[in-house]
Amino acid sequence: MRTTGDDDEAWYDEDAGPVARPYTVTRGRLTAEHGGLDLITLVVARRAAPATAQLFPEQARIIERCHRPLSVAEVAADLGLPLGTVRVLLGDLLAAGLIETHEPLTLSGVPSRELLEALLDGLRTL
């Protein structure tokens, strides 16, 4: 713990959170260029990022983890970032052709119980 001299003002390094704010990671953008990324939209990495790609560490982690389909909510929970930030990062990866998205298969427009349970688990970890 570091203090600035005032007993009421203490800084706990472990509790400070991420050094880079979410708006820094998204370059100040609040919405993704590619809409349609719902909480249950599935994300899959198409290929590894080329060595010349200039990705944020969070985007590289998305590509690493999405070798199997993950919902947008699961990706946000895994990264520990706000959903809006993750949507912007995913939109950039989608535009670069590094990921693809799929709407989950449903019967008569209703998501499966398994999908809803997985989504709920992902939201609980947020």
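Quick note, the sequence shown lines up with residues 5 to 130 if you use the working numbering.
Glycine is no exception: its CB is placed at the ideal position from the N, C-alpha and C atoms.
Can you list, in chain order, the residues of its chain with a C-beta nearer than 6 Å to that of residue i? Leave out the 5 residues immediately preceding and following it.
i: THR129; result: ALA81
i: PRO54; result: none
i: LEU87; result: ALA80
i: GLU104; result: VAL48 and ARG50
Grab the span of the beta strand (DSSP E) containing residue i for me, first residue to last.
i: ILE103; result: 103–106
i: ALA49; result: 46–49
How is the alpha helix (DSSP H) around residue i delimited, first residue to last?
i: ALA77; result: 76–83
i: GLN58; result: Here GLN58 belongs to no alpha helix (DSSP H), and DSSP marks it neither H nor E.
i: VAL114; result: It is not in any alpha helix (DSSP H) - VAL114 carries neither H nor E in the DSSP assignment.
i: LEU94; result: 87–99
Got a sec? Which residues, its chain only, sit under 8 Å from residue i by beta carbon, not counting five neighbours each side?
i: PRO73; result: LEU46, VAL47, VAL48 and HIS106
i: VAL79; result: VAL47, ILE66, ARG69, CYS70, VAL90 and LEU94
Nearest to residue i by alpha carbon, out of the options?
i: LEU127; options: ARG69, LEU85, GLU104 and LEU59; result: LEU85
i: ARG50; options: GLU118, CYS70, LEU119 and ASP125; result: CYS70
i: GLN58; options: VAL79, ALA100 and LEU87; result: ALA100
Report yes if the C-beta distance between residue i and residue j is below 9 Å; otherwise report no.
i: LEU83; j: ARG65; result: yes
Using a Cβ-Cβ cut-off of 7 Å (strictly less than) and excluding sequence neighbours within five positions of residue i, which residues of its own chain qualify?
i: LEU123; result: LEU43, ILE44, SER75 and ALA77
i: GLU62; result: VAL29, LEU83, LEU85 and LEU93
Throw me the rounded Cβ distance for the residue i and residue j pair, which I believe falls under 8 Å.
i: LEU102; j: ILE67; result: 6 Å
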